[in-house]
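Letter by letter, the sequence shown follows residues 48 to 208 of the working numbering.
What follows is a single structure, written as structure tokens, with notes after it.
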Amino acid sequence: MKRLILVRHGKSSWANELPDHKRPLKKRAYNDAELVLKNFQNFYQQGGLFWTSYAVRAHETAKLFKKNLNIKDPDFEVKEELYTFNQNELLREIQQCPDDRDQLIVFGHNPAMTILVNFLGDKKFDNVPTTGLTVIDFEADSWQHIDGGKTILHLFPKNLR
């Protein structure tokens, strides 16, 4: 079995004229992450591989999860290829996960996140919001063959307030 956890980055600031990949998190993102993590902590099973986009807003969100879930440095990787808004590119990257790892946590961007959650899982969402987390399980032995998954959990900040 493979478990994919997709997390959209936290709410980011448009205040400064920065390139898109350098936009920082807003204060709300930290509060939202705290809410999601509070509900996710007891669900999470150690041993996951954490991959994040290099964009500041995704990387910072991932670091909040890393700290809170006590993820070790070797299990945490920043990947330039995850800075994508295209679901096919995102899926191709996920399919590169080593098959000896059964749990992958990916921090990325919309619209790729929402489209991929709807494509891979059995529940449909109009939008995966910022700091939204979705868990999809697959009856597969290889990341190359993930499809027809079962959406077993979704945590969206507005539903946790």
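Ideal placement from N, C-alpha and C gives every residue a C-beta, glycine not left out.
Residue i lies in the beta strand (DSSP E); which residues open and close that run?
i	result
Q150	Q150 to G155
L96	L96 to S100
Looking at the unbroken alpha helix (DSSP H) that takes in residue i, where does it start and where does it end?
i	result
F87	K74 to F87
H106	V103 to N115
T161	A159 to L167
K205	P204 to L207
E128	Element bounds for E128: n/a, residue is neither H nor E.
N135	Q134 to I141
Out of the options, which one is the CA nearest neighbour of residue i?
i	options	result
D188	Y77, D147, L129 and G179	D147
E127	H156, N89 and Y77	H156
K205	N135, S60, N63 and A76	A76
T178	N115, L82, K113 and Q93	L82
P145	I193, H201, L111 and N117	I193
Q150	T161, I118 and F166	I118
L180	W190, L207, G195 and E186	L207
V182	V125, V153 and W61	V153
A62	I52, K74 and L51	K74
F97	L116, N89 and D79	L116
P176	D79, L51 and M48	D79
S60	V125, D120 and E107	E107
Quickly, what does DSSP pair residue i with across the bridge? List them, please.
i	result
D184	R50 and K197
S59	L72
Our contact map puts residue i next to residue j with C-beta atoms below 8 Å; I'd like the distance itself, whole angstroms only.
i	j	result
F112	L84	7 Å
I162	Q191	The Cβ separation is near 20 Å, so there is no contact.
T198	G168	4 Å
- prompt: Can you find at least 3 beta carbon pairs, one from the stretch 157-164 and one from the stretch 52-62, that sit closer than 8 Å?
  reply: Segments in contact, yes.
message: Three Cβ pairs or more, each shorter than 8 Å: is that satisfied between the stretch 92-103 and the stretch 63-83?
response: Yes: at least three Cβ pairs fall under 8 Å.
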